[in-house]
Every structure is written in C-alpha cells, then in structure tokens.
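**Student:** Pasting in a structure now, in structure tokens, and then I'll have a few things to ask.
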Amino acid sequence: MPRALSIRAPVPRYGSSEEETRVPATGCGIDWAEARHDVAVVDEHGAVIAAERIGNDAAGLARLLEILAEHAPSVGELPVAIETSKGLLVAGLRAAGRRVFAINPLAVSRYRDRYRSSRGKTDAFDAMVLANIMRTDRDAHCPLPADSVEVQALQVLTRAQQDVVWDKTTLTNRIRSLLKAFFPAALVAFERGGQAPPGIGRVPDDPDRGLHTTSRSRPIGQAVGRVTQARWPSTRYRRRGPASPEGFPW
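The sequence shown begins at -4 in the working numbering and counts up one residue at a time.
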C-alpha cells in the first residue's frame, strides 16, 4: 500500500544549481464546490507540485487554465480528474481542449483509503487523491468525449428533460399517497379522468369536474365545501371525534 502523501510536500526539482528543471506533472485533480474549487497537480512520484484554491467564476477558470499550461504546455498532455461531468467548470475545460475524467465519488472514497488511514477529509486532500488517480489508474477510467457544442447542448437539454420526468413522477407519487391517506374518493375520481362512478352524475365542461364529482358524491366532500376560510384555523387543530350528523368527523 502506498505511503500517505502530504499535500505540503516540497516541489522536487532536478538539474544543476544553474538551471533547474521542473518535474513533469502526471495528473491534476479538482475537488469542486459551489463557491470555490481546490486544485492539485502531482508529479510522477505522487508529490504535489502545485496546490491552489480558485473561485467558481471566469477568473477561477482562467487561473486553472494557467496552472495547467504551466505544468503541461501541450493541451492533451495533463489529464484532469473531477467528481462531476457537468457544470461550467467542466464545460470550460473541455472547450479549452483539456482531457477531463469524471470520477465517481464512491470510487474516490475507495482511493482515499490508500493515502490516509483515518476517515477525515479535506478539499485539498481530495484534490490530491484525484490527481493521483490520474497518475496510477488513468487507464481504468474513460475521459469525457470531445463532443461538439451542439452535442453538449443536446446533452443539457436531455438531462433537463430527464429531471422534469423524475420530478413529475416524484410529485405524482406524493399526491397519490396523500390522497390515498386522507381523500381516497378524490383519487378514484381523478384516476377516472373526471368520469363519475356508476349512479353519480357528472359535471360537464368543467376542468375540475373530477373534484366536483367527488365533493358532491361523498358526505366528507360536502362538509369540506361548507367549511369557510374563517373556520379553518379552529377545525384544523381540533381533535377528531365521533362523526357529526353532517358526516364530517371534526
């Protein structure tokens, strides 16, 4: 198991005292957050040769590209690891031609155990771990494809559509659960698409006909219709008791 690495390791340099040569960088890791990002660059021995915190803005992206250019003048030479595949930071790196690897956070937690026995973590430490993943296990991960701007825009659109579908499903399940617990008759009416059950009249040409059908066909619905806004504070917190003559159990 590799020994623990310190993010405060000195920058190793080779060469004579007259001319020093920087050790080639082999990986860059970015621990991203909403307000700022921690960046770490490691050499072939795993020592951190650059560590900096940048802002989540245009100036921060410009500074990140400067750091990468300082340690890897060639655009595709230094791989960058980060725990997300979306966001303006990733888009900016890809637009600049940098190779970006989106590493699953669960995988990063496994790699973290290589360098520290305790479960404590810092943002700078995670950036160092991500950089070392590029140094030791780059071939085990796939870089994000060099998609065109049109393809990236399509990905954003499809991801947004998928989020809307998930939100709709979640909200529908919550509404069904609440109706089933407190107003099952309404659930039956809405599932029928406004069609009243046999023997109950239907309210025509009404967008809320399912609700009207339910409120007119059940004693509890009729009672709800008679509760005015002024009466809600008193009825809402009243202890439930035996059913009233009107069929409303408040």
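Beta carbons are placed, not taken as given, at the ideal position from N, Cα and C, and that holds for glycine. Model, not experiment: these values are computed from the prediction.
Tell me the DSSP secondary structure of P19 in three-state form.
**Tutor:** The answer is coil: DSSP assigns P19 none of H, G, I, E or B.
**Student:** With A91 and S80 assumed to form a contact (beta carbons below 8 Å), what rounded beta-carbon distance in angstroms separates them?
**Tutor:** No, A91 and S80 are not in contact; Cβ-Cβ is about 16 Å, not under 8 Å.
**Student:** Within the continuous beta strand (DSSP E) that includes F178, where are the two ends?
**Tutor:** Looking at the DSSP string, F178 is not in any beta strand (DSSP E), and its letter there is neither H nor E.
**Student:** Distance, Cα to Cα, L182 vs L125?
**Tutor:** Distance between the alpha carbons of L182 and L125: 50 Å.
**Student:** Could you tell me the boundaries of the beta strand (DSSP E) in which R48 lies?
**Tutor:** It spans 43 to 50 - the beta strand (DSSP E) in which R48 sits, taken as one unbroken run.
**Student:** Below 8 Å on the Cβ atoms is my guess for M129 versus P74; work out the distance and round it to an integer in Å.
**Tutor:** Right, the Cβ-Cβ distance comes to about 5 Å (below 8 Å), so this counts as a contact.
**Student:** Looking only at C-alpha atoms, which of C137, G55, D33, A53 sits nearest to A45?
**Tutor:** Nearest option by C-alpha distance: D33.
**Student:** Report the option in A42, I25, N168, V43 whose CA atom is closest to the CA atom of R58.
**Tutor:** It is I25 whose Cα lies nearest to the Cα of R58.
**Student:** I need the straight-line Cα distance from R171 to D38, nearest angstrom please.
**Tutor:** Rounded to the nearest angstrom, the two C-alpha atoms are 56 Å apart.
**Student:** Taking G82 and L56 to be in contact with their CB atoms under 8 Å, please state how far apart those CB atoms are, rounded to whole angstroms.
**Tutor:** So it is not a contact: roughly 11 Å between Cβ atoms.
**Student:** How many angstroms separate the CA atom of D52 from the CA atom of D142?
**Tutor:** Looking at the two C-alpha atoms, the distance is approximately 23 Å.
**Student:** Tell me which residue opens and which closes the alpha helix (DSSP H) that R31 is part of.
**Tutor:** Looking at the DSSP string, R31 is not in any alpha helix (DSSP H); the run it does join, the beta strand (DSSP E), is 31 to 38.
**Student:** I need the straight-line Cα distance from N168 to V151, nearest angstrom please.
**Tutor:** If I take the Cα positions, the gap works out to 26 Å.
**Student:** On the DSSP bridge assignment, give the partners of P138 in chain order.
**Tutor:** According to DSSP, P138 bridges with F96.
**Student:** Could you check how far apart the C-beta atoms of R276 and G71 are, in whole angstroms? I think they sit under 8 Å.
**Tutor:** Since the first residue of the chain shown is -4 and the last is 245, residue 276 is not available in this structure.
**Student:** In the DSSP output, what is A76 paired with across the bridge?
**Tutor:** A76 is bridged to G24, F96.
**Student:** According to the neighbour-count rule (16 or more other Cβ atoms, all chains shown, within 10 Å of its Cβ), is A184 buried or exposed?
**Tutor:** Its Cβ being crowded by 16 or more others within 10 Å, A184 is buried.
**Student:** Look at the Cβ atom of A67, then the Cβ atom of A20, and state whether they are nearer than 8 Å.
**Tutor:** The answer is yes: Cβ separation under 8 Å.
**Student:** Identify which residue in L84, E61, D132 has its Cα closest to the Cα of V103.
**Tutor:** For V103, the nearest C-alpha among the options comes from D132.
**Student:** Give every residue of the same chain whose Cβ lies closer than 8 Å to the Cβ of P138, excluding the five residues on either side of it in the sequence, and list them in chain order.
**Tutor:** Closer than 8 Å at the Cβ level, and outside the excluded window around P138, lie P74, R94, V95, F96.
**Student:** Where does K163 sit, in a helix, a strand or coil, going by DSSP?
**Tutor:** Note: K163 maps to helix in three-state DSSP.
**Student:** Between which two residues does the alpha helix (DSSP H) harbouring D118 extend?
**Tutor:** From DSSP, the alpha helix (DSSP H) with D118 extends over 118 to 131.
**Student:** Tell me the rounded alpha-carbon separation between D162 and A155.
**Tutor:** Going by the C-alpha atoms only, they are around 10 Å apart.
**Student:** Does D134 pass the burial test, meaning 16 or more other C-beta atoms within 10 Å, or should it be called exposed?
**Tutor:** With fewer than 16 other Cβ atoms within 10 Å, it is exposed.
**Student:** What would DSSP say about G55, mapped onto helix, strand or coil?
**Tutor:** Note: G55 maps to helix in three-state DSSP.
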